[in-house]
Every structure is written in C-alpha cells, then in structure tokens.
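Below: one structure, written as structure tokens.
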Amino acid sequence: MRQFFENKKLVVILLSVITSLSLIAFSTFGGGLPQPVTWVNDVAAMIARMVSAPSNIVMRFGDAVSGLQNTYEENQKLKKQIATLQSLEAQNTILKEENKQMANMLKLEPTLVGKKVIASTVISRSPENWLDKLTIDVGENNGIKVDMSVMTDQGIIGRVSEVGPTSSKVSLVTSNQEDSVKLYAGIQSKDSIYYGVIDDYDGTNNELIVNQVPKSAKIEKDDTVTTSGLGGISPEGLVIGKVTRVEDDEFNLSKRVFVSPAANFNDIRHVFVIMSDKESGKEKKATPKDIKASDSSQSQSSSSSQPAASSQPPAQSQRPSRPAVTGQVPARNPLHRPQRGGRRHG
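Quick look at the structure:
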C-alpha cells in the first residue's frame with residue numbers, strides 16, 4: 074500500500090511536468106495562449122489599471138504641487154534679488170548725488186575762505202511748512218548756533234533758528250512767516266553793485282523779492298545776486314540767485330528786484346552750515362601791542378576833549394542810525410540787532 078502511494082505521487086509529478094512542457098510548447102509553437110489564459114490576463118490588467126489610476130492621479134497632483142512650490146520659492150528669491158538691486162541702485166543714486174554736491178561744494182571754497190563748514194542731512198520737513206522750516210541732524214554738540222547761515226551746494230537757503238543737542242531747525246528764506254529770514258543782498262550789475270533787502274517771497278512764480286534797491290540802479294536780467302554781509306550775520310558772497318525782472322515799488326521811490334533762487338527748495342536733502350570766524354576759532358585776537366596802542370589813543374582823545382566839555386554842555390546820546398541802502402557800500406553798524414516779531418536780518 075505504501076508503495077502504491079509513492080508511485081502515485083511520482084505519477085502526479087510526471088503529469089505536472091508533462092502538462093507544463095505542453096503549455097510551454099503550445100505557447101511557443103502554437104501561436105498564442107489558450108483563451109482562458111488570455112481572459113485571465115485581461116482581467117488582471119484591467120484590475121491593475123483600476124487600482125493604479127487613483128495612485129497615478131495622486132502622484133501627478135503631488136508632482137504639480139511640488140512644481141508649484143518650487144516655482145513660488147524661485148519667484149520669492151527673484152523678488153528679493155530685485156528688491157536688493159533696487160535698494161543698491163537707490164543707494165548708488167544717493168551716493169552719486171552726495172558726491173556731486175561735495176564736488177560742487179569744493180567749487181565754493183574760494184567764497185568760504187576762513188569759514189568752517191559743517192555738512193549735515195535733512196531729517197525732517199513738514200509738508201504743511203514745506204517752504205518755512207526744516208530740521209537737520211547737527212546741533213549744539215557739533216558747534217551749531219542760532220543765526221548761522223545754511224546753504225546747499227547751489228546757494229543759500231536760510232539760517233539756523235533753533236538749536237538742540239543733536240539737531241537744529243532751519244528757517245528758510247522762502248518763508249513768509251513773521252519770524253522768517255531777512256537777507257541783505259548785493260546785486261552785481263555790469264557797472265556796480267547795488268544793495269537791497271530780501272524780505273518777501275512770491276510762491277506763485279518761485280521768486281525772492283529784493284526791496285529798497287535804489288531807483289537809479291541799472292539792473293538787468295540774469296545779474297547775479299549774493300549775500301552782501303551787511304547784516305553782520307550771513308557771510309558775504311554766498312550765492313542767492315539770478316535776477317528775473319525789475320519793477321518800481323508802489324511809491325515809485327525805489328525798485329523791487331525779483332530773483333530766481335539758485336537752490337532748489339523742493340529738493341533739499343544735504344546742507345552745509347557755515348560758521349563765522351568767531352565760532353570757527355579763526356577770529357583775529359588783539360595783541361598786547363594793539364591793546365597798548367588803543368589805550369594810548371583813548372587817553373589822548375580823553376585829554377583833548379576835556380576843555381571842550383567844560384565850555385559846552387554834554388550832547389544828548391543818540392542811537393546810531395541804520396545805514397542807508399544806496400549804490401555805495403554803507404558802513405557796518407556794530408550795534409545792529411535783529412528786530413523782534415519780524416524777519417531776522419542777516
């Protein structure tokens with residue numbers, strides 16, 4: 074019995090081998106698989122497609138999201154690079170403008186001989202008081218004092234009106250407020266220099282107005298206008314602008330000269346504060362020899378005036394009169410002080 078089962082097992086193995094070989098031979102030489110096998114393969118392929126379709130969709134969606142994320146990141150990087158380039162370009166433009174202003178400032182050195190110049194930057198300017206005041210980034214700690222002249226590389230714009238430790242306010246010459254700046258100006262014509270006072274501004278035509286100019290003055294268009302230095306505050310020779318037109322005043326006693334400012338008051342970013350000889354430490358000091366000569370002169374004057382004093386009553390003291398504005402240079406008045414409640418002279 075045992076031998077029968079062993080023989081039966083051997084027979085099954087032989088039949089399986091023969092069947093497999095027959096199927097292989099039939100598929101190779103018979104021109105195709107049997108119909109049942111084909112059906113099974115088709116069903117298996119359809120099931121595989123049904124199973125793989127969702128996964129393919131998910132994979133394609135994931136690839137699209139990943140590509141979109143990469144595109145977004147690259148876009149952000151490009152935006153940052155563009156912003157950086159724009160910032161560098163803006164800084165480059167500012168530096169070029171500063172270099173240009175510094176180069177122009179060097180051209181002003183002959184005018185500012187003996188003066189100390191402090192460069193500063195405008196840090197505040199209110200739109201409501203655009204033509205009245207601005208704030209700069211230097212103050213008392215930098216040696217700034219009230220009434221120091223302020224100018225750009227093109228020309229004078231005003232004077233320091235308030236001083237803090239690290240900042241200062243500048244009153245512009247274009248202001249028409251009560252405490253605005255008044256400048257003593259010199260108009261350089263072909264044959265002479267005529268003096269007047271800038272105490273008004275025409276905002277419609279952007280013109281400074283020089284009043285108290287002599288009726289006989291021969292002034293033409295494009296004549297240069299500078300500070301005269303007669304007020305004792307603003308240095309002489311700072312550029313103010315060019316003459317645009319000349320009119321008689323309302324009383325027909327003098328002329329009004331209209332001046333186009335050299336400085337661009339709509340674009341003031343960097344300015345220069347000009348210190349006088351006294352503040353810059355270059356003021357000429359009296360020597361012992363000068364003091365001795367002065368004392369000797371005073372003693373001689375006192376001894377010579379005593380007989381006259383005994384025979385005549387003392388004259389009443391009079392305040393020194395303001396120098397007349399004529400075609401000739403008037404003597405400077407050492408006792409002149411700015412008037413309160415109005416434009417400050419200079």
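According to the numbering used here, the sequence shown is numbered sequentially starting from 74. From the three backbone atoms N, C-alpha and C, an ideal C-beta is built for every residue, glycine too. The model shown is predicted, which means the values in this text are computed figures rather than measured ones.
Query: VAL193 in three-state terms, based on DSSP; Result: Residue identity check: residue 193 is Ser in the sequence provided, not Val. Three-state DSSP puts SER193 in a strand.
Query: Own chain, CB closer than 6 angstroms to VAL319, minus 5 neighbours either side, in chain order; Result: ILE292, LYS328 and VAL330
Query: Per DSSP, cross-strand counterpart(s) of ILE266; Result: GLN261
Query: Endpoints, beta strand (DSSP E) assigned at PHE420; Result: Past the boundaries of the shown model lies residue 420; the chain is included only from 74 to 419, so the question cannot be answered.
Query: Cα-Cα separation, LEU158 to THR225; Result: 29 angstroms
Query: GLY305: first and last residue of the uninterrupted beta strand (DSSP E) it sits in; Result: Unbroken run through GLY305: none, as it is neither H nor E.
Query: Cut-off 7 angstroms between Cβ atoms - residues of its own chain near GLY231, not counting five sequence neighbours on either side; Result: VAL223, VAL243, SER244, LEU245, VAL246 and VAL254
Query: Run of the beta strand (DSSP E) containing ASP321, from where it starts to where it stops; Result: 312 to 321
Query: As assigned by DSSP and simplified to three states, the class of PHE134; Result: helix
Query: Distance between beta carbons of GLY212 and SER234, contact taken as under 8 angstroms; Result: SER234 to GLY212, Cβ: 13 angstroms. No contact.
Query: Segment contact flag, the segment 256 to 265 with the segment 299 to 317, C-beta cutoff 8 angstroms, min 3 pairs; Result: yes
Query: Inter-residue spacing [alpha-carbon to alpha-carbon] between MET221 and HIS343; Result: 16 angstroms
Query: Rounded distance between the beta-carbons of ILE191 and ASN215, thought under 8 angstroms; Result: 6 angstroms
Query: ILE341 versus ILE229: straight-line alpha-carbon distance, rounded; Result: 11 angstroms
Query: THR166 classed as buried or exposed, judged by whether at least 16 other C-beta atoms fall within 10 angstroms; Result: exposed
Query: Local Cβ density within 10 Å of MET348, reported as buried at 16 or more and exposed below that; Result: buried
Query: Presumed contact (8 angstroms Cβ cut-off) between SER333 and ASN279, rounded CB distance; Result: 7 angstroms
Query: Same chain, Cβ closer than 7 angstroms to LYS288, five either side skipped, listed in chain order; Result: LEU326, SER327 and LYS328
Query: Within-8 angstroms CB hit, GLY231 to chain D; Result: The chain inventory of the structure shown lacks chain D, comprising one protein chain alone.
Query: Local conformation of THR300 per DSSP, three classes; Result: strand
Query: Candidates THR300, ASN202 and PHE345: closest to ASN339 by CA position; Result: ASN202
Query: Spatial neighbours of VAL298 in its chain, beta-carbon cut-off 6 angstroms, leaving aside the 5 residues before and after; Result: ALA258, ILE260, ILE313, GLY314 and VAL332
Query: One or two residues paired with SER241 in a DSSP bridge; Result: ILE209 and VAL236
Query: Residues that DSSP places opposite PHE345 in a beta bridge; Result: ALA192 and MET224
Query: Whole-number beta carbon distance between THR194 and ILE209, since they are thought to touch under 8 angstroms; Result: 7 angstroms
Query: Residues that DSSP places opposite ILE282 in a beta bridge; Result: ASP273 and PHE331
Query: Residue environment, GLY276, which counts as buried when at least 16 other CB atoms sit within 10 Å; Result: exposed
Query: Chain-order list of residues whose beta-carbon lies under 6 angstroms from that of LEU207 (same chain, five-residue window excluded); Result: VAL195, ARG198 and VAL243
Query: TYR145 classed as buried or exposed, judged by whether at least 16 other C-beta atoms fall within 10 angstroms; Result: exposed
Query: LEU256, DSSP secondary structure in three states; Result: strand
Query: Proximity below 8 angstroms, CB of TYR268 to CB of ASN249; Result: no
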